[in-house]
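Reminder that position 194 of the sequence shown reads as 625 in this note's numbering, one-by-one numbering, no gaps.
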Amino acid sequence: MSDSPAPARDFRFPEGFLWGAATAAHQIEGSPLADGAGPSIWTRFAHTPGMTLNGDTGDVACDHYKRWKDDVRLMRELGLKAYRFSVSWSRIHPEGTGRVNPKGLDFYSRLVDELLENDIEPLLTLFHWDLPAALDDRGGWLNRDCADWFAEYGTTLYRALDGRVKKWATINEPWVVTDGGYLHGALAPGHRSRYEAPIAAHNLMRAHGAAVQAYRAEGAHEIGLVVNIEPKYPASDSDADAAAVRRAHAYMNEQFLHPALLGRYPPELKDIFGDAWPEWPAEDFALIRQPLDFVGINYYTRSVTAAGDSYPQRTAVVRQPLGTYTETGWEVFPQGLTDLLLWFKDTYGDLPVYITENGAAFFDPPVAEGGRVRDPLRTDYLRKHLSAIHDAIAAGVDVRGYMAWSLLDNLEWSLGYSKRFGIVHVNYGTQERTPKDSARWYSKVIASNGRTLSDPLPY
Ligand code: BGC
432 MSDSPAPARD FRFPEGFLWG AATAAHQIEG SPLADGAGPS IWTRFAHTPG MTLNGDTGDV
492 ACDHYKRWKD DVRLMRELGL KAYRFSVSWS RIHPEGTGRV NPKGLDFYSR LVDELLENDI
552 EPLLTLFHWD LPAALDDRGG WLNRDCADWF AEYGTTLYRA LDGRVKKWAT INEPWVVTDG
612 GYLHGALAPG HRSRYEAPIA AHNLMRAHGA AVQAYRAEGA HEIGLVVNIE PKYPASDSDA
672 DAAAVRRAHA YMNEQFLHPA LLGRYPPELK DIFGDAWPEW PAEDFALIRQ PLDFVGINYY
732 TRSVTAAGDS YPQRTAVVRQ PLGTYTETGW EVFPQGLTDL LLWFKDTYGD LPVYITENGA
792 AFFDPPVAEG GRVRDPLRTD YLRKHLSAIH DAIAAGVDVR GYMAWSLLDN LEWSLGYSKR
852 FGIVHVNYGT QERTPKDSAR WYSKVIASNG RTLSDPLPY
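Put into structure tokens, the structure is as follows:
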């Protein structure tokens with residue numbers, strides 16, 4: 432028997448694993464109406480008094496619309512292999528459909544060229560919440576025509592960029608769009624209706640299907656859907672809590688993946704929405720269920736779930752006394768990511784997965800002299816979640832890449848600039864970018880394809 436310590440775990444990731452970071456148009460670009468763009472629902476929402484914290488808007492954000500070249504240089508310096516971003520629909524079609532705005536298209540075309548010149552693979556999301564206001568005026572996601580509108584917009588981009596962009600995502604987090612935008616109203620367009628939410632959700636999925644169909648006619652690479660998944664664990668072994676977990680899981684996780692991948696809704700949704708749950712035309716499911724090349728999963732937290740009075744799913748999230756919580760009040764629970772990846776494979780089969788968002792808002796100290804931002808909690812968060820992904824890969828889940836959320840501190844929707852998720856600090860007064868310690872650490876992980884995950888953290 433030898434006393435030598437166990438060998439450090441080998442954290443190398445599969446060859447070609449795509450290491451990157453993510454952003455979204457409205458959260459970083461600023462200049463929302465520049466060069467002929469039309470307004471989006473987020474520009475309207477943020478300019479309505481009382482809708483966002485401190486009245487914060489995306490008018491300037493990280494000024495990425497003007498600083499994109501410098502931002503790509505920064506990505507290159509960090510050694511990112513991939514960059515996930517979204518396109519602002521109303522820059523491309525200012526009225527949502529019809530007329531194309533060449534200057535808007537050109538912005539993204541130049542961004543993609545710059546990324547490619549720097550050996551950074553673009554992952555393009557068509558819709559990350561900033562619906563053209565002109566389409567909201569026509570009912571937005573409540574109008575069944577939205578499937579055609581979205582396919583038309585997708586086609587404009589596929590024709591302009593496919594080949595240079597090889598990984599496309601249709602919709603980012605349909606659950607948040609409907610729960611925040613149509614049920615509880617904290618996000619644009621700010622509706623509060625149990626009757627609208629299932630209709631908006633269903634139409635989002637029809638739009639997703641139509642955009643994938645259009646892609647098969649125009650594009651030759653990969654397209655998928657991005658969902659946010661939150662594993663639900665029972666707070667006790669009571670029957671009531673087990674039923675609550677079923678409802679919470681169906682409402683948040685299966686509501687979108689089931690129709691997209693299995694062509695049906697989970698039965699719990701009828702119980703959750705009651706008389707607001709319509710009979711759906713059977714042919715809709717043929718449109719929604721399109722073969723996908725991958726699914727993008729955004730993971731932030733889990734919830735320990737009990738029966739309760741949340742609306743409409745009648746559950747409660749039980750705070751964990753020994754848990755660590757982020758600035759957005761989300762429990763840090765890396766094991767949940769392994770669990771959900773295993774659940775995904777068991778339920779939907781061997782579809783490739785990208786982790787398209789994962790990260791945390793923590794309180795960051797100000798930039799210290801010499802340009803350092805010490806954010807050990809974020810580094811620890813990223814490290815533990817990467818290790819959880821490594822576990823899932825070892826168990827046979829086909830995870831192909833990881834996009835840290837977010838490249839930059841940015842506009843956290845209705846919470847304005849109050850929460851910082853970036854691995855790069857942004858000074859909103861000067862727009863100076865400063866890579867935090869987590870970014871420097873992540874660079875090393877990327878350069879070693881994960882091997883340095885087993886190194887002790889430098890604090
Ligand atoms: C969204 C991001 C958001 C992040 C943190 C995700 O739900 O896709 O836009 O900033 O979570 O809240």
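Positions of the beta carbon are idealized from the N, C-alpha and C atoms, including for glycine.
Grouping DSSP H, G and I as helix and E and B as strand, with all else coil, what is Ala439? When secondary structure is reduced to three states using DSSP, Ala439 falls in the coil class, being assigned neither helix nor strand.
So within the segment 571-642, which uninterrupted alpha helix (DSSP H) runs reach at least 4 residues, ignoring any that extend past its ends? Taking only runs of at least 4 residues, the alpha helix (DSSP H) segments lying wholly in the segment 571-642 are 577-592 and 605-609.
Check the DSSP bridge columns for Gly832 and list the partner residues they point to. DSSP, once it has assigned bridges, lists Leu449 and Tyr785 as partnering Gly832.
Leu555 - partner residues in DSSP beta bridges: DSSP, once it has assigned bridges, lists Phe516 and Trp599 as partnering Leu555.
Do you know how far the Cα of Gly853 is from the Cα of Ala791? In a straight line, the C-alpha of Ala791 is about 8 Å away from that of Gly853.
My assumption, with CB atoms under 8 Å, is that Ile728 sits in contact with Ile660. Please give the rounded CB distance. Contact holds; Cβ gap of about 6 Å.
Alpha carbon to alpha carbon, how far is Arg882 from Pro752? Distance between the alpha carbons of Arg882 and Pro752 is about 33 Å.
Please state the DSSP three-state secondary structure of Thr883. It is helical.
Where does the unbroken alpha helix (DSSP H) through His856 begin, and where does it stop? Per DSSP, His856 belongs to no alpha helix (DSSP H); it is in the beta strand (DSSP E), Val855 to Val857.
For Val531, which residues in the same chain have their Cβ closer than 7 Å to its Cβ, ignoring the five residues on either side in sequence? Cβ neighbours of Val531 beyond the five flanking positions: Ile523, His524 and Thr587.
Residues bridged to Val657 [DSSP beta-bridge criterion]: For Val657, which the question treats as bridged, DSSP gives the partners Asn603 and Gly727.
Per DSSP, what kind of secondary structure is Met432 in: helix, strand or coil? With a pLDDT of only 48 at Met432, under 50, the local geometry of the prediction cannot be trusted, and the value read off the model is given with reservation. Reduced to three states, the DSSP call for Met432 is coil.
Using beta-carbon positions only, say whether Thr556 and Val518 come within less than 9 Å of one another. Contact annotation: Thr556 and Val518 have beta-carbon atoms nearer than 9 Å.
Using DSSP bridges, identify the partner residues of Tyr756. Note: Tyr756 sits in a beta bridge opposite Glu762.
Rounded to a whole number of angstroms, what is the C-alpha to C-alpha distance between Trp711 and Lys701? Approximately 11 Å, taken between the alpha carbons.
Any contact between the segment 470-485 and the segment 794-808? By contact I mean 3 or more CB pairs, one from each, below 8 Å. No, because fewer than three Cβ pairs between the segment 470-485 and the segment 794-808 fall closer than 8 Å, the two stretches do not touch.
Within the chosen definition, does the segment 703-717 reach the segment 643-660 through at least 3 CB pairs nearer than 8 Å? Per the Cβ contact rule, the segment 703-717 is not in contact with the segment 643-660 (fewer than 3 Cβ pairs under 8 Å).
Contact belief for Gln721 with Gly594 at Cβ below 8 Å, rounded distance in angstroms: About 21 Å separates the CB atoms of Gln721 and Gly594; that is not less than 8 Å, and the two are not in contact.
Beta strand (DSSP E) segment containing Val735, residue limits: From DSSP, the beta strand (DSSP E) with Val735 extends over Ser734 to Ala738.
With Thr865 as the anchor, note down where its beta strand (DSSP E) starts and where it stops. Per DSSP, the unbroken beta strand (DSSP E) holding Thr865 starts and ends at Arg864 to Pro866.
Answer yes or no: the CB of Ser471 versus the heavy atoms of the ligand BGC, is any distance below 8 Å? In this structure, the ligand BGC has no non-hydrogen atom nearer than 8 Å to the beta-carbon of Ser471.
Using 10 angstroms around the beta-carbon of Arg541, count the other beta-carbons present and answer buried if the total reaches 16, otherwise exposed. Counting every other CB atom within 10 Å of its CB across the protein chains shown gives Arg541 a total below 16, marking it as exposed.
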